[in-house]
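Novice: Just passing along the structure, written as structure tokens.
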Amino acid sequence: MVSWWRPIPANAARRPFDVLTNTPLPGVDPQWSHLVQARSSDGPHTFHVLDTGPQLQARGITPTGTILALHGNPTWAYLWRGVLAASVQRATPTSAWRVIAADQLDMGFSDRLAHPEPPAAGATSYRRLEQRLDDVDGLIEALGVDTGRPLVTLGHDWGGIISLAWAARRREIVDAAAVLNTAVDHPANRPVPQALRAAMAPGVLASSTVLTDAFLRVTLSLAEDNLPEQVAAAYRAPYVSRIGRGGIGGFVADIPALAEHPSRPALERASAALREWDSPALLIWGPKDPVFRDRYLQDLLDRLPHADLHRFEGAGHLVAEDRDVAEVLFTWLADTLGGQPAGPEHRSAPWSPPPADGVLGLHEQLDHMALSWRRDSPAVVQLAGQETASMTWEELKSQVEALAAALYAQGMRPGQRVSLLVQPGNQLTVILYACLRLGAVAVVADAGLGIKGMTRAVRSAWPEWVIGERPGLTLASALGWPGRRISVEALSPRAARLAGVEASVERLLRRGGSTALETVPMPSAQADAAVLFTSGSTGPAKGVVYTHGRLGALVALLRRTFSLTPGSSLIAGFAPFALLGPAIGATSVTPDMTVTKPATLTAQAVAAAAAAGKATMFFGSPAALTNVVATSGELSDAQTEALEGIKLVLSAGAPVHPELLDKVQQLFPQAELHTPYGMTEGLLQTDITRDQIHQAATTGQAGVCVGHPVDGVEFAAAPLDGLGIPADQLSDPAAVPGRLSEIVVSAAHLKDRYDRLWLTDRTSRRDTHRGLLWHRTGDIGHFDDAGRLWIQGRLHHVISTAEGPIGPGLVETPVDALAEVSHSAAVGVGPVGTQAVVVVLEPVAGRKLSVGSSPLALPEVGRRVREASTAAGVSAVLVVEKLPTDIRHNSKIDRSRLAAWAESVLSGERVSSP
Amino acid sequence: MSDLSSAEILPPAKVLVTGASGLLGRSVASRLAELGYQVTTLQRSASGLSTVREVRGSLTDPQAVEEAVSGQDAIIHMAAKVSVSGRREEFEQVNIEGTERIFDAAWAEGVENVLYVSSPSVAHAGESLVGAPAGPPDPDHAEGHYAQTKAEAELIAEARASVGINVLIMRPHLVWGPGDGQLTKRIIDRARSGRLPLLGSGAPLVDTLYIDNAVDAFAAGLRRLPQIAELPAAQRRLVVTNGEPRPIGELLMGIAAAGGAKPPKLRVPPAVAKAAGAVVERLWAVTGPHQDEPPMTRFLAEQLSTAHWFDQRHTREVLGWSPQVSIDEGLLKLARHIRRTGRVLN
């Protein structure tokens with residue numbers, strides 16, 4: 003017996019509503035609270051449960067299944083109140099889930115065990131993993147759970163381990179398993195997470211967990227936003243005194259971090275059994291968790307490769323507090339165990355329309371060109387300062403294959419993810435095509451996301467490999483990105499060791515030559531090829547997965563739409579298309595610029611690239627075009643002539659103002675100007691030329707005209723209702739001309755799926771119209787009588803006025819045309835259904851448009867804005883120095899942030915910068 | 052009521068308008084007379100209207116009230132003590148007891164329809180109102196004698212609805228325009244003398260109501276009163292505005308400019324202004340009657356430093372009305388009026 007330890011006496015379970023006088027439990031219906039006696043391996047114990055079964059029964063509803071929810075340490079069943087509430091709210095006579103959230107023994111309001119000794123790994127009065135599994139057996143029996151119907155386990159933290167271990171043990175009655183942040187394995191040779199280590203140190207364990215409530219408070223502080231005081235008090239309620247906290251210390255002591263820990267065998271049995279688990283599994287994850295870091299998620303995915311995963315970017319350890327996990331869970335259950343008779347939408351899997359043209363493997367053109375008479379002509383050309391580096395088709399093919407073989411020898415395998423931290427150019431092209439050839443999946447998180455955004459993106463994709471230039475690798479080390487490291491240039495042994503780099507592309511290429519590649523089959527059309535990321539202008543960047551087949555369809559579409567043929571030569575000022583050059587069979591010329599900063603591209607650089615690569619096409623972005631026009635005054639005659647050789651100019655990424663297009667046309671007099679419309683999830687959807695834009699403008703319709711669908715693209719419309727909610731049922735564009743709608747698209751070259759965002763993915767592809775597989779773009783606009791698409795902005799940014807919903811573009815397009823306005827954003831403030839329209843202006847350089855130090859526009863500016871915006875009444879016109887925009891395109895305005903700012907300013911709060 | 056037409060109050064019905072000496076009362080009485088209603092007015096001073104029957108007297112005078120109410124088909128009860136200063140008892144006498152007297156007389160004389168004119172301030176305590184609905188009257192939280200007594204009076208009106216009188220409550224917010232001595236004239240006068248406060252950023256969104264729209268809305272309210280009175284209490288309280296919230300600074304600048312005054316410049320942080328307003332208000336209360344209102348009251352400070360705008364969907368739907376004069380058109384009309392007559396008042 004330890005002298006400083008005062009024994010903790012046993013205490014009987016009690017209903018919280020019987021013992022708490024001053025602590026309300028917001029979100030908990032007292033009807034759910036019951037005590038139940040269950041027989042475990044060491045005899046009977048009384049458990050407190052929150053159980054919606056009796057309430058459902060009272061409403062005459064027989065549950066179609068049961069969810070058993072187990073909390074972790076140091077929470078209690080209160081954690082599951084959102085799931086419990088959803089159980090009741092979503093219950094219908096034909097579909098209802100009984101939710102049983104049990105307080106673990108020695109936790110919450112369940113029985114307290116006597117503890118004569120402090121918590122420690124060998125202390126026998128504390129519950130161990132094996133016993134807790136027996137507890138669950140007893141509970142299921144005592145609660146009269148109908149195991150003939152679907153039974154689903156749900157767990158978090160320690161409850162995650164227990165629920166998964168129990169599910170694996172009782173596979174014959176458990177139909178599905180869902181977990182929030184947890185871990186089922188902790189390699190005995192790896193240190194436990196720093197955040198836990200402090201609490202587990204022998205001298206500290208008892209005092210941090212039992213003698214004080216430090217562990218409890220730290221856990222509650224992990225919520226994304228501070229918990230409301232009443233909620234935090236509810237969590238603390240069973241643990242206010244030392245004698246209530248024995249179980250907290252017991253749980254910490256039971257973490258089997260060391261090989262000789264008594265619970266180690268039980269954990270190892272459970273984690274091994276999980277590999278056999280082939281029933282449905284759902285993982286809901288909050289990545290901002292200092293304990294259950296992403297590597298534990300990766301371990302779970304390794305064991306449960308078929309699991310569905312929704313990773314809530316920004317949420318943390320208490321993901322059930324941070325996000326609506328019930329929505330994910332219940333939607334997923336309906337999909338996987340719904341037991342509904344298959345509706346028409348389930349009869350056959352929806353499909354994409356046929357691709358626009360014959361789809362080739364991403365390597366076929368490369369192989370073909372390298373064997374053709376063009377094998378000695380340049381495949382890739384890169385200009386940097388006075389240097390011009392180029393590679394013939396034959397050289398490119400041989401380098402790609404040499405690198406692929408060497409990477410394979412290094413251990414890279416099909417299906418593994420590879421983060422590429424390499425500037426666009428010849429080298430990136432070689433590395434990318436080597437990965438594609440191997441069947442490795444390229445993770446392309448570009449610098450345009452910003453360092454924070456890139457870190458989030460890379461962590462979400464969790465690559466096994468990182469191939470990077472030195473700055474990228476340094477960043478990866480500093481920020482603790484996952485993955486084995488390969489540098490581009492050869493490093494000294496010392497530098498390699500410091501950066502944790504195991505090989506370099508430079509040396510791998512030299513090694514090359516192995517025949518290993520012959521045993522690696524070409525990737526199938528269904529195999530993942532790449533993970534790209536959305537720009538993150540409407541929330542965190544989302545990973546978008548493309549398969550080889552879908553990228554192949556994109557290549558076919560580009561070739562057809564822009565008449566790209568083998569032998570074409572294009573200047574790649576827009577990264578996504580630049581990388582597809584070898585697959586297209588076109589020479590790609592990288593101009594002298596920072597490709598991730600499109601605004602650094604000059605007219606001179608384009609001219610030089612045109613001359614060096616005999617290019618006939620120029621692919622750019624609005625920001626690049628703006629700078630090309632701005633720098634066009636300094637062109638020599640030879641450069642002007644080089645630009646006259648360009649026959650096609652394409653601008654992608656964001657709309658281009660017609661005036662800018664006119665200036666671009668003067669610079670490229672022989673070129674046809676195209677501004678296609680697309681998105682990360684489908685890079686090319688419609689196309690329109692400069693002439694067509696001017697023609698469309700004469701019809702005076704709202705928004706930006708992006709033209710007609712390109713071949714192989716099917717559109718549908720989900721008309722917005724009076725409050726701006728898109729319809730569940732899709733309409734054909736011709737049936738709803740002029741109606742403001744969410745734009746929905748179907749095509750063979752769309753994304754395969756969102757990465758690790760189960761609910762987001764399901765939501766985007768929920769439609770079954772015409773039996774096709776659709777993608778909800780989140781863009782709003784309308785189709786006109788001529789079948790053209792007009793975009794008004796993002797669904798997320800709809801302004802819901804009393805007169806109906808409007809898109810920001812309805813107001814912005816005419817306001818942007820005012821001479822004193824550089825650009826503008828229209829946002830809504832106030833309640834949905836009666837929002838006021840607010841225009842925020844960024845003045846052209848050198849103009850002052852506001853009153854004194856106030857953000858209010860000068861009266862005459864306000865008047866001009868209102869006169870321009872005839873289609874919608876404008877309540878307020880505000881002026882800011884700079885509108886907040888995304889980093890990647892430098893053109894997508896962060897309207898959500900702006901709306902919050904405008905609402906605060908227009909409520910009379912202190913004025914700050916947006 | 053069986054058929055729809057009988058559920059409307061149409062000309063030549065007899066209507067009493069109380070408080071016809073103010074701009075709103077006078078304009079409404081005059082418009083109703085134009086529409087063919089037989090209009091009686093009740094106010095202390097002469098209304099100056101030739102098309103109405105006039106009863107001179109105070110709400111505190113039972114005989115005048117009885118004479119005015121007798122024989123009417125409907126009453127628009129607008130008379131109130133509106134000032135931002137004064138003793139509590141004065142407000143109670145006019146706003147609470149006067150309203151009770153009107154309802155008593157209506158009950159005694161068999162007048163079935165009463166349109167009670169109130170103020171959005173009865174439901175709020177100075178917090179920011181952003182697209183707000185018309186909340187229930189709350190005398191405990193309303194600020195100032197005016198809003199508190201009007202809230203009490205609204206409760207009385209609602210209570211009378213339960214004993215068989217058709218009651219509609221309309222709450223116009225910040226009526227302005229030619230002829231308005233309350234807000235428009237003061238803004239222009241103060242702007243001309245350089246005493247118009249533009250507080251903080253001047254950005255808070257505020258709803259207002261142009262006078263012509265107010266008149267139309269009351270005419271619509273009168274006509275539909277029996278139908279609207281069948282709705283639950285919460286749905287026959289109508290805040291009435293132009294439905295065009297504007298930054299307060301822009302409105303003040305616009306009205307000042309319409310009066311030919313230079314735009315306002317003064318800047319006071321909102322918290323300071325509110326405190327200063329409270330001090331002035333108290334001083335006012337102890338130093339007795341004055342010619343002018345206090346230069347800045349707590350009420351005005353709040354109007355100028357927090358958002359005050361409302362959800363107009365329900366109002367427009369039940370009244371079958373929408374404003375015909377936009378704020379910008381109203382400002383042009385005001386400017387034209389001032390240029391033509393040389394003054395704000397009619």
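Those protein sequences? They're chains X and P, same order as listed. Heads up: the first sequence is residues 3 to 916, going by the numbering used here. Heads up: the second sequence is residues 52 to 397, going by the numbering used here. Just so you know, even glycine gets a beta-carbon here, dropped at the ideal spot from N, CA and C.
Report the three-state DSSP secondary structure of P352 (chain X) (helix, strand or coil).
Specialist: Coil, per DSSP.
Novice: Please confirm whether P223 (chain P) has its beta-carbon closer than 9 Å to some beta-carbon of chain X.
Specialist: No, its Cβ sits nowhere closer than 9 Å to a Cβ of chain X.
Novice: Straight-line CA distance for V176 (chain X) to L481 (chain X)?
Specialist: Rounded to whole angstroms, V176 (chain X) to L481 (chain X) spans 40 Å at the Cα level.
Novice: Alpha carbon to alpha carbon, how far is A555 (chain X) from D730 (chain X)? Give it in angstroms, no decimals.
Specialist: Computed Cα separation, rounded: 28 Å.
Novice: If contacts are defined as beta-carbon pairs under 8 Å, then G149 (chain P) and T91 (chain P) qualify, I think. What distance do you get, rounded to the angstrom?
Specialist: Rounded, the Cβ-Cβ distance is 17 Å, inconsistent with contact.
Novice: Please state whether DSSP places A585 (chain X) in a helix, a strand or coil.
Specialist: The answer is helix: DSSP assigns A585 (chain X) an H, G or I state.
Novice: Might you give, ordered along the chain, the residues of its own chain that have their beta carbon closer than 7 Å to the beta carbon of S852 (chain X), omitting 5 neighbours on each side?
Specialist: Counting only Cβ-Cβ distances below 7 Å, and skipping sequence neighbours, we find L858, A859, L860 and V881.
Novice: So that I know if they touch, is there some Cβ in chain X lying closer than 9 Å to that of L256 (chain P)?
Specialist: With 9 Å as the cut-off, L256 (chain P) counts as an interface residue toward chain X.
Novice: From what residue to what residue does the alpha helix (DSSP H) around I453 (chain X) run?
Specialist: Start and end: G452 to A463.
Novice: Do A527 (chain X) and V557 (chain X) come within 9 Å of each other at the CB atom, strictly closer than that value?
Specialist: No.
Novice: Spatial neighbours of Q114 (chain P) within its chain, please: C-beta separation below 8 Å, excluding the five flanking residues on both sides.
Specialist: So the list reads G108, once near-sequence residues are dropped.
Novice: In the DSSP output, which residue or residues are listed as bridge partners for Y167 (chain P)?
Specialist: BP columns for Y167 (chain P) point to P:H128 and P:I220.
Novice: Would you kindly work out how many angstroms separate the C-alpha atoms of A411 (chain X) and A518 (chain X), rounded to a whole number?
Specialist: When rounded, the distance between both Cα atoms is 7 Å.
Novice: Compare the C-beta of S909 (chain X) against all C-beta atoms of chain P and say whether one is closer than 9 Å.
Specialist: Chain P, which has a Cβ nearer than 9 Å to the Cβ of S909 (chain X), makes this yes.
Novice: Any beta carbon from chain P within less than 9 Å of L880 (chain X)'s own beta carbon?
Specialist: With 9 Å as the cut-off, L880 (chain X) counts as an interface residue toward chain P.
Novice: Listed from N- to C-terminal order along the chain, which residues in the stretch 166 to 193 of chain P have their beta-carbon within a distance smaller than 7 Å of any beta-carbon of chain X?
Specialist: Listed by position along the chain: S179, V181 and G182.
Novice: Using the C-alpha atoms, what's the distance from L52 (chain X) back to A103 (chain X)?
Specialist: Cα to Cα, the separation comes out at about 5 Å.
Novice: Starting from L880 (chain X), trace the beta strand (DSSP E) both ways and give me its first and last residue.
Specialist: Taken as a continuous stretch (DSSP letters only), the beta strand (DSSP E) holding L880 (chain X) covers A878 to V881.
Novice: Name the DSSP bridge partner or partners of C707 (chain X)?
Specialist: X:W792.
Novice: Does DSSP classify R755 (chain X) as helix, strand or coil?
Specialist: Here R755 (chain X) sits in strand by DSSP.
Novice: From this set, X:Q641, X:V608, X:A614 and X:E646, which residue's C-alpha is nearest I630 (chain X)'s C-alpha?
Specialist: The amino acid at residue 630 (chain X) is misidentified as Ile; the sequence shows Val. The option with the nearest alpha carbon to V630 (chain X) is X:V608.
Novice: Less than 6 Å between C-beta atoms, sequence neighbours within five positions excluded: which residues of the same chain meet that for V591 (chain X)?
Specialist: The answer, listed in chain order, is V383, I573, A611, G615 and A617.
Novice: Could I get the ranges of all uninterrupted beta strand (DSSP E) runs contained in the stretch 716 to 790 of chain X, with 3 residues as the minimum, in chain order?
Specialist: The qualifying runs are 716 to 721, 743 to 748 and 777 to 785.
Novice: Comparing C-alpha positions only, which one of X:F294, X:D310, X:L269 and X:V293 sits nearest to D280 (chain X)?
Specialist: Comparing Cα-Cα distances from D280 (chain X) to each of X:F294, X:D310, X:L269 and X:V293, the minimum goes to X:D310.
Novice: Thinking E203 (chain P) and P187 (chain P) are a contact (beta carbons under 8 Å), I'd like their distance in whole angstroms, please.
Specialist: About 13 Å separates the two Cβ atoms, so there is no contact after all.
Novice: Quick one: using the 10 Å Cβ neighbour count with 16 as the cut-off for buried, is N146 (chain P) buried or exposed?
Specialist: By the neighbour-count rule (16 or more Cβ atoms within 10 Å), N146 (chain P) is buried.
Novice: What residues from the stretch 819 to 853 of chain X come within 8 Å of chain P, judged by C-beta to C-beta, listed N to C?
Specialist: Within the stretch 819 to 853 of chain X, the residues whose Cβ lies closer than 8 Å to some Cβ of chain P are V831, G832, P833, G835, T836, Q837, A838 and V853, listed in chain order.
Novice: Let me check one thing: in DSSP terms, what residues is I801 (chain X) bridge-paired to?
Specialist: Looking at the DSSP assignment, I801 (chain X) forms a beta bridge with X:I808.
Novice: Are at least three pairs of beta-carbons, each pair with one atom in the stretch 269 to 289 of chain X and one in the stretch 297 to 311 of chain X, less than 8 Å apart?
Specialist: Because the criterion of three Cβ pairs below 8 Å is met, the stretch 269 to 289 of chain X and the stretch 297 to 311 of chain X touch.
Novice: Taking its Cβ as the centre, do 16 or more other Cβ atoms sit within 10 Å of V214 (chain P), making it buried, or is it exposed?
Specialist: Flag for V214 (chain P) reads exposed.
Novice: Check whether the stretch 820 to 839 of chain X and the stretch 664 to 673 of chain X touch, using three or more Cβ-Cβ pairs below 8 Å as the test.
Specialist: The stretch 820 to 839 of chain X, when compared against the stretch 664 to 673 of chain X, does not touch it at the 8 Å Cβ threshold.
Novice: With 16 other CB atoms within 10 Å as the buried threshold, where does R333 (chain P) fall?
Specialist: Here R333 (chain P) scores only 44 on pLDDT, less than 50, and its place in the model is too uncertain to base an answer on.
Novice: Report the three-state DSSP secondary structure of R377 (chain X) (helix, strand or coil).
Specialist: Three-state DSSP puts R377 (chain X) in coil, outside helix and strand.
Novice: Is it the case that the Cβ atoms of M109 (chain X) and W78 (chain X) are separated by a distance below 9 Å?
Specialist: The answer is yes: Cβ separation under 9 Å.
Novice: Does DSSP classify L559 (chain X) as helix, strand or coil?
Specialist: Reduced to three states, the DSSP call for L559 (chain X) is helix.
Novice: Would you kindly report the start and end of the unbroken beta strand (DSSP E) that includes V90 (chain P)?
Specialist: Where V90 (chain P) is concerned, the enclosing beta strand (DSSP E) stretches over Q89 to Q94.
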